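Undergrad: Sharing a structure below in C-alpha cells format, with a few things to ask.
2 protein chains.
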Amino acid sequence: MPESYYPDIKTLDLFAGLTDERFAQLMRGSYVQNFPPHVELITEGDPANFLHIILSGAVELFASWNGRETSMAAIRPISTFILAATIKDARYLMSARTLDKSRLVLIPSQDVRNLFDEDQGFARAIVTELAQCYRSTIKSQKDLKLRTSLERLANYLLRQQARAGTTPDFELPFEKRKLASFLGMTPENLSRAFKGLKPYGVVVDGSRIAITDRAELEAFARPCALIDDYST
Amino acid sequence: MPESYYPDIKTLDLFAGLTDERFAQLMRGSYVQNFPPHVELITEGDPANFLHIILSGAVELFASWNGRETSMAAIRPISTFILAATIKDARYLMSARTLDKSRLVLIPSQDVRNLFDEDQGFARAIVTELAQCYRSTIKSQKDLKLRTSLERLANYLLRQQARAGTTPDFELPFEKRKLASFLGMTPENLSRAFKGLKPYGVVVDGSRIAITDRAELEAFARPCALIDDYST
DNA sequence: CCTTTTGATTGACAAATGTCAATCCGCCGA
DNA sequence: TCGGCGGATTGACATTTGTCAATCAAAAGG
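Line order of the protein sequences matches chains A and B. Counting with the numbering used here, you get residues -1 to 230 for the letters of the first sequence. Counting with the numbering used here, you get residues -1 to 230 for the letters of the second sequence.
As C-alpha cells, then:
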C-alpha cells in the first residue's frame, strides 16, 4: 500500500497508539482499493477475512432475510467496519455495499488478531472501539423499540442538524428510501412522516431539510442522551 | 468475598485464563450480594461503578424513554452484564432488575480496567466477550427489523425448544408480559400471536409450550443461523 | 377456606403501518 | 430537446398492531 495513505489511517483511534514500525508492518500486508457506487463489498455469512476501513465515500451495512432487506447503518470516512467478526474470526452478520464511489483499506484479519496479541495498546483500542459499536447498537435498538416511526424520524433529523453545524437546514446524506429502511419503515410511510412533522417546523425541499423551530421539534421528539448521543 | 464462590465464577470464560493470584486479588475487592425478586439493581444513566456477575437467579435488562419501557434481554447464570459501560467508564444504557431471587457478584469497574491493562489474556477474553455481546445485539436488531411479530415469536419458540433439550415441550422462562416486551409487542398481541401459531403445531398450556411438529413450524419461521444462532 | 391480587385472555375498536397502483418530478443520455 | 428511467409522492385500501375495558384463571396471603 502507498505510504501516502498512512496519515489518514493513523487518524483512527484504533491505530493512533501504534509504533510506526508496527503500523507500517500492518499496512504492508494490506490493500487499498477503489470501488464504484453500488458495489457489494461483503456478503453476510462469508468468513471475515479482512478488516475494512473506509477512507472516502460512503458504505451501507445491510441485512437480508427471507427476501426482505433492511439498512442497518451507514459508514462514513474515516472508520472501520465489521470489527467484531474480524476479532472473533467469525462470519459477517451484515452485508456491505458502496453508496458512493469509495476508497477502502483491507487489512487481513489474521494480521489484526496477531497484532492484538502482541500490542497492549492496540488491544485497548480495539476494546474501546468494540464497546463503542456495541453501545451504538443498543441505542439503536432502544430507538426502534421505544419510539414510533414519527418519533424516530424527528430525532434523526435533530441529530443530523446537530452534526451539520449551526445552520437550520441540511442535506439528507442518502436517498429517502435508504433513510426509510434505516429507520425501519417503508418509503411511503417516510413521506407521510415528513408531512406529519410539518406542524413542528420541519420543511422538506427534495433532500434538503430545514428545521425552523428546533425547540418546537424537540418538544415533540424528546431527544435523550442515552439514545441519541452517539459519542458516549 | 467467601472463597467458596470462586469455582463458580472461574467457569466464566472471562476469568478462566487468569492466574490464581490475580483472580484472588480481583475477588478480594468484590462483593457477593443476595437480592429478592423485582429489585432494581442498576438504573440507566448512572455511572458504571461495578461489573455485575449473576451467580443464581435471573436478571432482566430493560430500557425506558418517555414513560415507555421495553425489555432488552434476560440474563441467566453464570454470566456478566453491562460489560461495555464498565470498560468505557461510561453511563449505563440499560437498567437492570432481578426477576427471581438472585445472587450477584459486584466487581469494582476500576479493578476490571486495571486488570485489563496488566493482563494480556484477560484483555483477549474481554474482547471476545464484548464481540459476542455486540453480535448478539446485531442479531436481535435483524430479528426486529426483518420479521413480523408472529415470525419473531415462532423463531423464539424454536430457539427455546432447542435449548430445552430433546423433548417437544418446554416451560417459558418468564412471564408472557415480559416475553411480549422482549419480542417488541404488547401482551394482548402476544396472546393472539400464540393463536396464530396454532396451525403450525404450537400448543399452549399456561406457560408450558409444546411444538408438535418442528418441521412444520420451521417451514413457517425459517430460522437462520445469522439471526438465531446466538453461539457464533 | 376464602379473599385479593396479578397476570392472561378476549372482544371491540382505533391507530399505525404496509401494500398496491397511479402519478409526479428531476435527472441523464440519446 | 425529448424521452425515459428511477425515485418520490399520493390516494385507496388491507393488514398489523396497539388500546381499552371486561372477564377469566391462577397464585398469594390472611
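Where a beta carbon is used, it is the ideal one built from N, C-alpha and C, also for glycine. Fair warning: this is a prediction, and the values are worked out from it, not measured in the lab.
Find the nearest neighbour of residue 151 of chain A within the set A:123, A:30, A:164, A:194, judged by alpha-carbon distance.
TA: As a position in the first sequence, residue 151 of chain A is number 153, starting the count at 1. Nearest C-alpha to residue 151 of chain A: A:194.
Undergrad: Report yes if the CB atom of residue 156 of chain A is closer than 8 Å to the CB atom of residue 174 of chain A, and no otherwise.
TA: Position 158 of the first sequence, counted from the first residue, corresponds to residue 156 of chain A. Position 176 of the first sequence, counted from the first residue, corresponds to residue 174 of chain A. Not in contact: residue 156 of chain A and residue 174 of chain A (Cβ atoms no closer than 8 Å).
Undergrad: Is any beta-carbon of chain A found at less than 8 Å from that of residue 200 of chain B?
TA: Position 202 of the second sequence, counting from 1, holds the residue named residue 200 of chain B. So, not an interface residue.
Undergrad: Note down, in chain order, all residues in the segment 129 to 145 of chain B with a beta-carbon under 8 Å from any beta-carbon belonging to chain A.
TA: The residues in question are 129, 130, 131, 132, 133, 135, 136, 137, 138, 139, 140, 142, 143, 144, 145.
Undergrad: In terms of residues, what are the limits of the beta strand (DSSP E) holding residue 78 of chain A?
TA: Walking along the first sequence from the start, residue 78 of chain A turns up at place 80. Residue 78 of chain A -> beta strand (DSSP E) spans 77 to 79.
Undergrad: Unbroken beta strand (DSSP E) runs of length 3 or more, entirely within the segment 162 to 189 of chain A: which are they?
TA: Whole beta strand (DSSP E) segments, 3+ residues: 167 to 169.
Undergrad: Unbroken alpha helix (DSSP H) runs of length 4 or more, entirely within the segment 42 to 124 of chain B: which are they?
TA: Entirely contained in the segment 42 to 124 of chain B, the alpha helix (DSSP H) runs reaching 4 residues are, in chain order, 81 to 86, 107 to 116.
Undergrad: Given that a residue counts as buried once 16 or more other Cβ atoms are within 10 Å of its Cβ, and exposed if not, what is residue 37 of chain A?
TA: In the first sequence, residue 37 of chain A corresponds to position 39, counting from 1. Under this definition residue 37 of chain A is an exposed residue.
Undergrad: Give a yes or no on whether 8 Å exceeds the smallest Cβ distance from residue 64 of chain B to chain A.
TA: The residue you call residue 64 of chain B lines up with position 66 of the second sequence. So, interface residue.
Undergrad: Based on the DSSP output, what are the partners of residue 153 of chain A in its beta bridges?
TA: Taking the first sequence and counting its residues from 1, one reaches residue 153 of chain A at position 155. The partner list for residue 153 of chain A (beta bridge, DSSP) is empty, contrary to what the question assumes.
Undergrad: Using DSSP with H/G/I as helix, E/B as strand and the rest coil, what is residue 39 of chain B?
TA: Working through the second sequence from its first residue, we reach residue 39 of chain B at position 41. Note: residue 39 of chain B maps to strand in three-state DSSP.
Undergrad: To the nearest angstrom, how far is it from the Cα of residue 177 of chain B to the Cα of residue 117 of chain A?
TA: Here residue 177 of chain B refers to the residue found at position 179 of the second sequence. Here residue 117 of chain A refers to the residue found at position 119 of the first sequence. Computed Cα separation, rounded: 43 Å.
Undergrad: What's the gap between the Cα of residue 102 of chain B and the Cα of residue 70 of chain B?
TA: Within the second sequence, the letter at position 104 stands for residue 102 of chain B. Within the second sequence, the letter at position 72 stands for residue 70 of chain B. Whole-angstrom Cα-Cα distance: 19 Å.
Undergrad: Are residue 107 of chain B and residue 46 of chain B close, meaning C-beta to C-beta below 8 Å?
TA: As a first step, residue 107 of chain B is located in the second sequence; it is residue number 109 there, counting from the start. As a first step, residue 46 of chain B is located in the second sequence; it is residue number 48 there, counting from the start. Yes, the pair counts as a contact, with Cβ atoms nearer than the cut-off.
Undergrad: Where does the unbroken alpha helix (DSSP H) through residue 212 of chain A begin, and where does it stop?
TA: Here the question's residue 212 of chain A lines up with position 214 in the first sequence. Unbroken alpha helix (DSSP H) run through residue 212 of chain A: 212 to 219.
Undergrad: Going by beta-carbon coordinates alone, are residue 115 of chain B and residue 24 of chain B separated by less than 8 Å?
TA: Taking the first residue of the second sequence as position 1, residue 115 of chain B is located at position 117. Taking the first residue of the second sequence as position 1, residue 24 of chain B is located at position 26. Against a cut-off of 8 Å, the Cβ pair of residue 24 of chain B and residue 115 of chain B comes out as no contact.
Undergrad: What's the gap between the Cα of residue 166 of chain B and the Cα of residue 208 of chain B?
TA: Position 168 of the second sequence, counted from the start, is the residue given in the question as residue 166 of chain B. Position 210 of the second sequence, counted from the start, is the residue given in the question as residue 208 of chain B. Cα to Cα, residue 166 of chain B sits roughly 6 Å from residue 208 of chain B.
Undergrad: Could you tell me the boundaries of the alpha helix (DSSP H) in which residue 4 of chain B lies?
TA: The residue labelled residue 4 of chain B in the question sits at position 6 within the second sequence. Element bounds for residue 4 of chain B: 4 to 8.
Undergrad: Are residue 230 of chain B and residue 89 of chain A closer than 8 Å when you measure CB to CB?
TA: Indexing the second sequence from 1 puts residue 230 of chain B at position 232. Indexing the first sequence from 1 puts residue 89 of chain A at position 91. A contact, by the Cβ cut-off of 8 Å.
Undergrad: Distance cutoff 8 Å, beta carbons only. Does residue 231 of chain B sit that close to anything in chain A?
TA: A query on residue 231 of chain B cannot be resolved here, the shown segment of chain B reaching from -1 to 230 and no further.
Undergrad: Where does residue 29 of chain A sit, in a helix, a strand or coil, going by DSSP?
TA: Numbered from 1 along the first sequence, position 31 holds the residue referred to as residue 29 of chain A. Three-state DSSP puts residue 29 of chain A in a strand.
Undergrad: Go ahead and pull the three-state DSSP assignment for residue 20 of chain A.
TA: Here the question's residue 20 of chain A lines up with position 22 in the first sequence. Here residue 20 of chain A sits in helix by DSSP.
Undergrad: Between residue 52 of chain A and residue 2 of chain A, is the Cβ-Cβ spacing less than 8 Å?
TA: Numbered from 1 along the first sequence, position 54 holds the residue referred to as residue 52 of chain A. Numbered from 1 along the first sequence, position 4 holds the residue referred to as residue 2 of chain A. The answer is no: Cβ separation not under 8 Å.
Undergrad: Should residue 216 of chain B be flagged as near chain A, meaning a C-beta pair shorter than 8 Å?
TA: Here residue 216 of chain B corresponds to residue number 218 of the second sequence, with the count starting at 1. No, no contact with chain A.
Undergrad: Assess contact between the segment 121 to 138 of chain A and the segment 78 to 87 of chain A, defined as three or more Cβ pairs (one per stretch) separated by less than 8 Å. Is contact present?
TA: Touching, yes, given that three or more Cβ pairs across the two stretches are closer than 8 Å.
Undergrad: Are the beta-carbon atoms belonging to residue 127 of chain A and residue 94 of chain A less than 8 Å from one another?
TA: Here the question's residue 127 of chain A lines up with position 129 in the first sequence. Here the question's residue 94 of chain A lines up with position 96 in the first sequence. Their beta carbons are not under 8 Å apart, which means residue 127 of chain A does not touch residue 94 of chain A by this criterion.
Undergrad: Run through chain A and tell me which residues come within less than 8 Å of residue 42 of chain B, C-beta to C-beta.
TA: Position 44 of the second sequence, counted from the start, is the residue given in the question as residue 42 of chain B. Within 8 Å Cβ-Cβ: 224.
Undergrad: Please identify, using Cβ separations under 8 Å, the residues of the segment 104 to 124 of chain B that lie next to chain A, in order along the chain.
TA: The segment 104 to 124 of chain B vs chain A, Cβ under 8 Å: 114, 115, 118, 121, 122, 124.
Undergrad: If you measure from the beta carbon of residue 68 of chain A to each beta carbon in chain B, is any gap under 8 Å?
TA: Sequence index remark: in the first sequence, residue 68 of chain A carries index 70 (1-based). By this cut-off, residue 68 of chain A is an interface position.
Undergrad: Any C-beta of chain B within less than 7 Å: which residues of the segment 48 to 63 of chain A qualify?
TA: Here the close residues are 61, 63.
Undergrad: I'd like to confirm the pairing. Which residues does DSSP put opposite residue 203 of chain B in its beta bridges?
TA: To locate residue 203 of chain B, count along the second sequence from 1; it is residue 205. DSSP, once it has assigned bridges, lists B:206 as partnering residue 203 of chain B.
Undergrad: Below 6 Å CB to CB, which residues in the same chain sit around residue 198 of chain B once its five sequence neighbours on both sides are set aside?
TA: Within the second sequence, the letter at position 200 stands for residue 198 of chain B. Cβ within range, chain order: 214, 215, 218.
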